[in-house]
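**Q** Numbering (our numbering), first residue to last: 172 to 685.
Think of the CB as a built atom: it goes at the ideal place given N, C-alpha and C, for glycine as much as any other residue.
Below is a structure I'd like to ask you about.
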């Protein structure tokens, strides 16, 4: 029982761990940034767990098959229930798996539909166009600001950049020479004293006569439009303006850019994503099937165990073991009722068997005592049933009749005449008494045998097992041949003695002559 509980606990723990691992695999598959980090270790752990669970299921199925071949009680019913449970679990799970794979494949393909791809590109293009329009507007504004400078003295330019920044809404405006010398600076944050330096490539582009406009990332992560324009009339002065992109446009552009990059990454990994989802779903299927198979075997054995106990107990009772008791059921259901009824039945059978055995011993003791008493009698005793068949006879009966009456047990009394012709008068007189219906009869029967004349004194009476119900007869007979001879000899002796006495008496001649 402890081993069974350990097996159940181990299997349940393994299934729980596998479920947790599959849940983590599903989460890793859905989040591609964690796929490479957790997918492979979780996959290996899950595969090892599935192999262990498969081994556990295989071991249980092998035990069931072995019991089936050895015809262990309840194994055939357990096998049928196991197959039934497996079919009931396999069919719906297989249907769900089949359609899930189809939906999964079509769903992933729908993510990368051509229309979706085109819509993503159009949205990104629209976002870029909006941003380009905003950049052109800022560039035009920067050119106007630079052309509005009339006094190019150091002091005048330092004062004018503050007004230009305030009126344009720029974050920073810087005036510097083509050699890179800062002429004037105005920043929304008065604590910043150094300008945001442009790249040398940007400066070279501006010096070459092509104004620059681009998008840069600010210190807070927000997008900024950087404009660099050259005063063509007064060559040598360059204006750099940093304009914050409107928050709505910045957020939309960033969101669209991130979504498009994610979309392209997933589109590139479409086959891998399909494989990952299919593998996860297949492992879930295997876990469900293995768990269902183990549960089917365990449940079938649990359900059949009381029936197996009853079958084993019935076999033991059939072999004569009436003391067989089945384990008490844990649940008082219909099967528990059968087990309790079987135990009560065997207790009653054992009690009746003990009483019968005790009665048999008593009857055997009485039979032995009766045989001892009858064996010690010199009178012949013979018991007949209602059909006149010999049931039993003592040794004196065999000695008197001179035949082995015990060997004729079960034969009719008439067989004695056929066995020895000299006994026919005995048989005839006894049967005659039976046929006359005499309740108790007595007769003297003379037999002539090879050794001479034999006189039997025979008495018979009904054998009543129940009061008033005769089921046979008891025949008692004595060999009185020697007794009659002795009586005759004694009588003649008495006659001789009296004759001798009379001869000696003197009055006798006188009496005789008279």
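Distance check for residue 601 and residue 658, CA to CA, integer angstroms please.
**A** 26 Å
**Q** Using the C-alpha atoms, what's the distance from residue 453 back to residue 226?
**A** As the crow flies, the alpha-carbon of residue 226 is around 18 Å from that of residue 453.
**Q** Since residue 634 contacts residue 627 with CB under 8 Å, what's their CB separation in whole angstroms?
**A** Their Cβ separation, rounded to whole angstroms, is 20 Å, which puts residue 634 and residue 627 out of contact at 8 Å.
**Q** Which term fits residue 383, buried or exposed, when burial requires 16 or more other beta carbons within 10 angstroms of its beta carbon?
**A** buried
**Q** Could you check whether residue 566 and residue 581 sit closer than 8 Å to each other, using their CB atoms as the reference points?
**A** no
**Q** If you drop the 5 nearest sequence neighbours on each side, which residues of the same chain put their C-beta closer than 7 Å to that of residue 665?
**A** none
**Q** Taking 8 Å as the cut-off, does the stretch 324–341 touch the stretch 350–363 (at least 3 CB pairs, one atom from each stretch)?
**A** Yes, since at least three Cβ pairs between the stretch 350–363 and the stretch 324–341 fall closer than 8 Å, the two stretches touch.
**Q** I need the boundaries of the alpha helix (DSSP H) containing residue 415, first residue and last residue.
**A** In the DSSP annotation of this structure, residue 415 is not part of any alpha helix (DSSP H); the continuous beta strand (DSSP E) holding it starts and ends at 408–415.
**Q** Which residues mark the beginning and the end of the alpha helix (DSSP H) in which residue 571 is found?
**A** 566–572
**Q** Secondary structure at residue 367, three-state DSSP: helix, strand or coil?
**A** coil
**Q** Indicate whether the contact test is met: 3 or more Cβ pairs, each with one atom in the stretch 463–470 and one in the stretch 245–264, closer than 8 Å.
**A** yes
**Q** Within 10 angstroms of its Cβ, does residue 256 collect 16 or more other Cβ (buried), or is it exposed?
**A** buried
**Q** Tell me the rounded alpha-carbon separation between residue 514 and residue 481.
**A** 9 Å
**Q** Per DSSP, what kind of secondary structure is residue 323 in: helix, strand or coil?
**A** coil
**Q** Would you call the stretch 255–271 and the stretch 337–348 touching, i.e. three or more CB-CB distances under 8 Å?
**A** Contact between the stretch 255–271 and the stretch 337–348 is absent: fewer than 3 CB-CB pairs across the two stretches fall below 8 Å.
**Q** Using three-state DSSP, classify residue 618 as helix, strand or coil.
**A** strand
**Q** Using DSSP bridges, identify the partner residues of residue 476.
**A** In the DSSP output, where bridge partners are listed per residue, residue 476 has none listed.
**Q** Alpha carbon to alpha carbon, what distance is there between residue 533 and residue 606?
**A** Counting only the Cα atoms, residue 533 lies some 36 Å from residue 606.
**Q** Which whole-angstrom value describes the C-beta separation of residue 254 and residue 461, a residue pair presumed to lie in contact below a C-beta threshold of 8 Å?
**A** Between residue 461 and residue 254 the Cβ distance is about 16 Å, and since that is not below 8 Å, they are no contact.
**Q** Who pairs with residue 624 in a beta bridge, going by DSSP?
**A** Paired residues: 619.
**Q** Taking residue 335 as the reference, which of 259, 412, 387 has the closest Cα?
**A** 412
**Q** Going by DSSP, what residue range makes up the alpha helix (DSSP H) through residue 385?
**A** No alpha helix (DSSP H) contains residue 385, which is instead part of the beta strand (DSSP E) from 383–388.
**Q** Does DSSP put residue 188 in a helix, in a strand, or in coil?
**A** helix
**Q** Given this structure, state the Cα-to-Cα distance separating residue 184 from residue 230, to the nearest angstrom.
**A** 18 Å
**Q** Can you tell me whether residue 625 is buried or exposed? The criterion is at least 16 other CB atoms within 10 Å of its CB, across all chains shown.
**A** buried
**Q** Give the DSSP-derived three-state secondary structure of residue 496 in the structure shown.
**A** coil
**Q** With distance defined between alpha-carbon atoms, name the residue in 663, 588, 549, 494 nearest to residue 649.
**A** 549
**Q** Give me, in chain order, the residues of the same chain whose beta-carbon lies closer than 7 Å to that of residue 188; leave out the 5 immediate sequence neighbours on both sides.
**A** 220
**Q** Considering only residues of the same chain and omitting the five flanking positions on each side of residue 192, which have a CB-CB separation below 8 Å?
**A** 213, 216, 217, 220
**Q** Give the secondary structure of residue 241 by DSSP, where H, G and I count as helix, E and B as strand, and everything else as coil.
**A** coil
**Q** Is residue 563 helix, strand or coil when you go by DSSP?
**A** Under the three-state reduction of DSSP output, residue 563 falls in the strand class.
**Q** Given a cut-off of 8 Å on the beta-carbon distance, is the pair residue 399 and residue 409 in contact?
**A** In this structure, residue 409 lies closer than 8 Å to residue 399 by Cβ.
**Q** I need the boundaries of the beta strand (DSSP E) containing residue 551, first residue and last residue.
**A** Residues 551–556.
**Q** Determine the direct distance from the alpha carbon of residue 209 to that of residue 222, and round the result to whole angstroms.
**A** 20 Å
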